[in-house]
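Residue numbers (the working numbering), protein chains in the order written: chain A, 9 to 765; chain B, 122 to 283.
Each residue gets a CB set at the ideal place from its N, CA and C atoms; glycine is no exception.
Note that the structure is a prediction, hence the values are computed from the model and not measured.
In what follows, a structure is listed as structure tokens, so that the remarks can point back to it.
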Ligand code: FES
Ligand code: FES
């Protein structure tokens, strides 16, 4: 795109909006109930659709009896594979790396429990729910494979979206020969289900071959052509609206079967249709985090330096698609390790296909790595923090690249001081509180890569001195409505309040995916560049206008700030934007932008956000119940656009870490393959009483290379490090490490018994 | 079995025709009356997203059959603010960043309003943590939620004294 200007040189100075802890732009809408989520839409003539899910995990539907459902008052239609038209694109075809194989009533095979086998459409929600309950199915059932011991491990072609499954550098065996000792640990992590509070939903309305879809989506630019392909219409016929997402965590980035079924039902019946998943339906067709069985080994020399790092992960995926969590890639760039060898294998479970879930790969892998590092520290007779500093990576040992910026030392120091780490007794079981609870302290290192996506944005300056800025973007809670608005305002050199800001629908320039913790940098960079493009055009007009005080200043650096353009060398020489436009007789100036990461930087530097998390737990000495009483983290993630929102993202991530360590586990019945705990009574996530004190501190970091604005992400960083910190704190309290997450009372009891014996 | 009930919602009388007794208060609010501020997170009383006040007490509207509420006073998140003036709990949620995605927020706010009236403005931080634990927040906005409820309690007390 030759006409799309790049942001100028390193390091771009942002204006006065960025860096401020503004409250959320969408706050008023969200506290008054006016924020419009997908399922809140009620177009005229709306029908309600509810799907019936398979009650087996593997096999075939041999008979589907829809009579009772059709006879239920209010039911207008039942879709089954028999009467459902073929989609224009085979839903088992993977047209892009982001396409998931989905189930849209195109066949009778059952590949996981809860897979849609029929859709009931009715005049009322109550009738649709009852109709779905009345669907009777008979099956030819095959035994379900749930668990690593039920299937053969295979070597996958890739993990994550496209990362190689194996990596090695250095001479592992040679390093091991020099080792004085080693530690090795095997830990399992369970299936975890995203469970955004807002269940996946769609409201679809057709007008001829034009389609309007209300659907929470993290990647509007991908979803729009994706939907168009399935339904055989041009992409421009699809309008996708997603102004607010009730959480996403990775699970709203790709298109799923149930939502496509809602769109299909609307086309069949020529009326708008709403289909919202019930909570129990969130445990099948809409992704989850792979279960893993991991082995981590570190070899250490006599000076307590890490010599070799080996990480193997067996990772679950589905029987019919290939998304595997990249757990064994989590430690590649973490500590100073001369030799590295990591490898993944996969095992097929009869579940839905996994997908990216908050900090994919890194959360899972670092949960085990941080325990191994603490075990190595213990073996070395060193304090866990001292040991991590002793093995601090000054470069990325997987590729020899320097870090673009790494303020991890400062994070360790800041968080340790805030926590009071220096008083920690080295041996476990030494601390009791006034109630007699065993108290333990643990820590972990947080790391998350800093990717960058090619987002686009547009900005328009109007002659009345107001402006408009827009990109498709997505706010799933991270604060895009606010942080991106601040960056757009700085690009235009204006106060945020003077800018109409719009994100969250498909008529806007493609803001790329809100994922990988890259949205603020990518979409924000684009908005900033779009504003800069406006200013550039404005400067061109002013410097050629003999009536402007800036006339002839074409070679000078001009700055736009507070709606005024002036000389950098002499701020008194300048004039308001409105004066320039007024004289030129121009109604508005439109600028286009996309963010920029220097190609050479990408090749030269390793780019990560970092952090350190310290945890205090209390363990009941009789019941082995664990409570996290304090969680304190410090994080360095380049330039922080809005500290208030960044802290919320980080503490939210830390709570996810707590959830991983102590609460979450998707349990499937070994015989039927059905999820056993597919509701919030059985699938535990933390509540407020579980979180008495969580705190995120921000550490200044200037990253001149990561992108023009020096912005990195904070959405996923907090979960990494926290899981291990809690496990290490539990060990410090009672001297027990458990072989699986979440840490369970029965495993602690067993460990404690073994200690006594 | 057509039924007609009357609900006083946020100060306005609504006559609601029900073709049978199945509709929950939540679905009546959202799908029939069009008050969609109240959210559905689980539809079975496990998440609190659907919390509203019925005759001043907080209830999970997904667990309440509308037909059982003929004549009741119902307050939803849409009815809290006084014109442009936010309820102290709403204002405190914005100020303390007591939400991220905002989906649990109407329920959190209604629950907080109910809790503060139950405890007569005397709730300790611990009592707030316990009393708000029926409201799940998957985003993990709990630090802000706790601070927001404490701040709202203090502000309500201040306003009461002045
Ligand atoms: S929707 Fe009512 S408690 Fe979850
Ligand atoms: S703010 Fe997203 S669930 Fe609470």
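Assign residue 16 of chain A to one of two classes, buried (16 or more other C-beta atoms within 10 Å of its C-beta) or exposed (fewer than that).
Residue mapping note: residue 16 of chain A aligns to position 8 of the first chain, counting from 1. Residue confidence is low: residue 16 of chain A scores 40 on pLDDT, short of 50, so the model does not pin down where it sits. No coordinate-derived value is stated.
Between the CA atoms of residue 756 of chain A and residue 763 of chain A - distance to the nearest angstrom
The residue you call residue 763 of chain A lines up with position 755 of the first chain. The residue you call residue 756 of chain A lines up with position 748 of the first chain. So the two alpha carbons sit approximately 10 Å from each other.
Closer than 7 Å: residue 170 of chain B CB and nearest ligand 1 heavy atom:
Counted from its first residue, the second chain places residue 170 of chain B at position 49. Yes, the beta carbon of residue 170 of chain B sits closer than 7 Å to at least one heavy atom of ligand 1.
Near ligand 2, which residues have their beta-carbon closer than 6 Å to a heavy atom?
A:205, A:255, A:485, B:220, B:221, B:222, B:223, B:224, B:225, B:226, B:258, B:259, B:260 and B:262
Quick check: the Cα distance between residue 409 of chain A and residue 714 of chain A, rounded to an integer number of angstroms?
Stepping through the first chain from its first residue, residue 409 of chain A is reached at position 401. Stepping through the first chain from its first residue, residue 714 of chain A is reached at position 706. Roughly 13 Å between the two C-alpha positions.
Where DSSP assigns a beta bridge to residue 449 of chain A, which residues make up the other side?
Position 441 of the first chain, counting from 1, holds the residue named residue 449 of chain A. The partner list for residue 449 of chain A (beta bridge, DSSP) reads A:624.
At the level of alpha carbons, what is the spacing between residue 139 of chain B and residue 126 of chain B?
Working through the second chain from its first residue, we reach residue 139 of chain B at position 18. Working through the second chain from its first residue, we reach residue 126 of chain B at position 5. Their backbone Cα atoms lie some 8 Å apart in a straight line.
Exposed or buried, residue 211 of chain B, counting other C-beta atoms within 10 Å across all chains shown (16 or more means buried)?
The count along the second chain starts at 1 and reaches residue 211 of chain B at position 90. Under this definition residue 211 of chain B is a buried residue.
Should residue 319 of chain A and residue 294 of chain A be called a contact, given that it needs their Cβ atoms to be closer than 8 Å?
Translated into positions along the first chain, residue 319 of chain A becomes position 311. Translated into positions along the first chain, residue 294 of chain A becomes position 286. Cβ distance not < 8 Å, so residue 319 of chain A and residue 294 of chain A don't count as in contact.
Which two residues bound the contiguous beta strand (DSSP E) that contains residue 351 of chain A?
Here the question's residue 351 of chain A lines up with position 343 in the first chain. Run containing residue 351 of chain A: 347-357, per the beta strand (DSSP E) assignment.
Using a beta-carbon distance cut-off of less than 9 Å, what residues from the region 479-501 of chain A approach chain B?
483, 484, 485, 486 and 487
Secondary structure at residue 238 of chain B, three-state DSSP: helix, strand or coil?
One-based indexing of the second chain puts residue 238 of chain B at position 117. Helix, per DSSP.
Neighbour-count burial assignment, residue 218 of chain A, 16 or more Cβ in a 10 Å radius
For the purposes of this step, residue 218 of chain A is taken as the residue at position 210 of the first chain. The residue in question, residue 218 of chain A, is exposed, as its Cβ has fewer than 16 Cβ neighbours within 10 Å.
Closer than 6 Å by C-beta to residue 517 of chain A: which residues in its own chain qualify, once you throw out the five before and the five after it? Chain order, please.
Translated into positions along the first chain, residue 517 of chain A becomes position 509. Cβ within range, chain order: 464, 465, 466 and 479.
Could you list which residues in chain B have their beta carbon closer than 9 Å to that of residue 702 of chain A, in chain order?
Taking the first chain and counting its residues from 1, one reaches residue 702 of chain A at position 694. Simply 261, 263 and 264.
Along chain B, in chain order, which residues have C-beta atoms closer than 8 Å to that of residue 134 of chain A?
As a first step, residue 134 of chain A is located in the first chain; it is residue number 126 there, counting from the start. Ordered by position in chain B, the residues that pass the 8 Å Cβ test against residue 134 of chain A are 141, 143, 144 and 148.
Rounded to whole angstroms, what's the CA-CA distance from residue 369 of chain A to residue 183 of chain B? Just pull it up for me.
Walking along the first chain from the start, residue 369 of chain A turns up at place 361. Walking along the second chain from the start, residue 183 of chain B turns up at place 62. Residue 369 of chain A and residue 183 of chain B: Cα-Cα distance of roughly 36 Å.
What does the alpha-carbon distance come out to for the pair residue 12 of chain A and residue 602 of chain A?
Here the question's residue 12 of chain A lines up with position 4 in the first chain. Here the question's residue 602 of chain A lines up with position 594 in the first chain. Low confidence applies to residue 12 of chain A: its pLDDT is 37, below 50, so where it sits in the model is not reliable, and the reading given next is rough at best. Residue 12 of chain A and residue 602 of chain A: Cα-Cα distance of roughly 7 Å.
Would you kindly report the start and end of the unbroken alpha helix (DSSP H) that includes residue 653 of chain A?
Here residue 653 of chain A corresponds to residue number 645 of the first chain, with the count starting at 1. Segment 651-670, the alpha helix (DSSP H) holding residue 653 of chain A.
Between residue 588 of chain A and residue 566 of chain A, which are expected to be in contact by the criterion C-beta below 8 Å, what is the C-beta distance as a whole number of angstroms?
Here the question's residue 588 of chain A lines up with position 580 in the first chain. Here the question's residue 566 of chain A lines up with position 558 in the first chain. Not quite, the Cβ-Cβ distance comes to about 11 Å (not below 8 Å), so this is no contact.
The beta strand (DSSP E) spanning residue 306 of chain A covers which residue range?
Taking the first chain and counting its residues from 1, the one referred to as residue 306 of chain A is at position 298. From DSSP, the beta strand (DSSP E) with residue 306 of chain A extends over 300-308.
At 3 residues or longer, and completely inside the region 106-156 of chain A: list those beta strand (DSSP E) runs for me, N to C.
124-130 and 144-149
Sorry if obvious, but does the Cβ on residue 164 of chain B come closer than 7 Å to a heavy atom of ligand 1?
As a working mapping, residue 164 of chain B is identified with position 43 in the second chain. Flag set: Cβ of residue 164 of chain B near ligand 1.
Please indicate yes or no: does the CB of residue 190 of chain B lie closer than 7 Å to some heavy atom of ligand 1?
For the purposes of this step, residue 190 of chain B is taken as the residue at position 69 of the second chain. No - ligand 1 has no heavy atom lying nearer than 7 Å to the Cβ of residue 190 of chain B.
Can you tell which of A:363, A:260 and A:653 has its C-alpha closest to the C-alpha of residue 298 of chain A?
For this step, residue 298 of chain A is matched to residue 290 along the first chain. Taking only the C-alpha atoms, the option nearest residue 298 of chain A is A:363.
Is any heavy atom of ligand 1 found at a distance shorter than 7 Å from the C-beta of residue 167 of chain B?
Residue numbering aside, residue 167 of chain B sits at position 46 when the second chain is read from its first letter. Correct: residue 167 of chain B has its Cβ closer than 7 Å to ligand 1.
Is residue 271 of chain B close to chain A? Criterion is C-beta to C-beta, closer than 8 Å.
To locate residue 271 of chain B, count along the second chain from 1; it is residue 150. Not closer than 8 Å to any Cβ of chain A, the Cβ of residue 271 of chain B fails to qualify, so no.
Leaving out five residues before and five after residue 64 of chain A in sequence, what residues of the same chain have Cβ atoms less than 6 Å from its Cβ?
If you number the first chain from 1, residue 64 of chain A lands on position 56. Cβ within range, chain order: 118, 147 and 149.
Residues of the region 201-213 of chain A whose Cβ lies closer than 7 Å to any Cβ of chain B, in chain order:
203, 204, 205 and 206
Would DSSP call residue 584 of chain A helix, strand or coil?
Along the first chain, read from residue 1 onward, the residue named residue 584 of chain A stands at position 576. If DSSP states are grouped into helix, strand and coil, residue 584 of chain A belongs with the strands.
Can you give me the Cβ contacts of residue 586 of chain A inside the same chain, cut-off strictly under 8 Å, excluding the 5 residues immediately before and after it?
Taking the first chain and counting its residues from 1, the one referred to as residue 586 of chain A is at position 578. For residue 586 of chain A, where only same-chain residues beyond five positions count, the Cβ hits under 8 Å are 471, 472, 473 and 571.
What is the DSSP secondary structure of residue 127 of chain B, reduced to helix, strand or coil?
Counting from 1 along the second chain, the entry for residue 127 of chain B is found at position 6. Correct three-state label for residue 127 of chain B: strand.
Using DSSP's beta-bridge definition, name the partner residues of residue 242 of chain A.
Here residue 242 of chain A is taken as the residue at index 234 of the first chain, counted from 1. Looking at the DSSP assignment, residue 242 of chain A forms no beta bridge with any residue, so it has no partner.
If you measure from the CB of residue 161 of chain B, is any heavy atom of ligand 1 nearer than 7 Å?
In the second chain, the residue the question calls residue 161 of chain B occupies position 40. Yes, since a heavy atom of ligand 1 falls inside the 7 Å radius drawn around the Cβ of residue 161 of chain B.
Only counting the same chain, and skipping five residues up and downstream in sequence, which positions put a Cβ closer than 6 Å to that of residue 196 of chain A?
By 1-based counting over the first chain, the position of residue 196 of chain A is 188. These residues qualify, in order along the chain: 301 and 748.
Following the continuous beta strand (DSSP E) through residue 648 of chain A, name the residue where it begins and the one where it ends.
In the first chain, residue 648 of chain A corresponds to position 640, counting from 1. Residue 648 of chain A -> no beta strand (DSSP E), and no H or E assigned at all.
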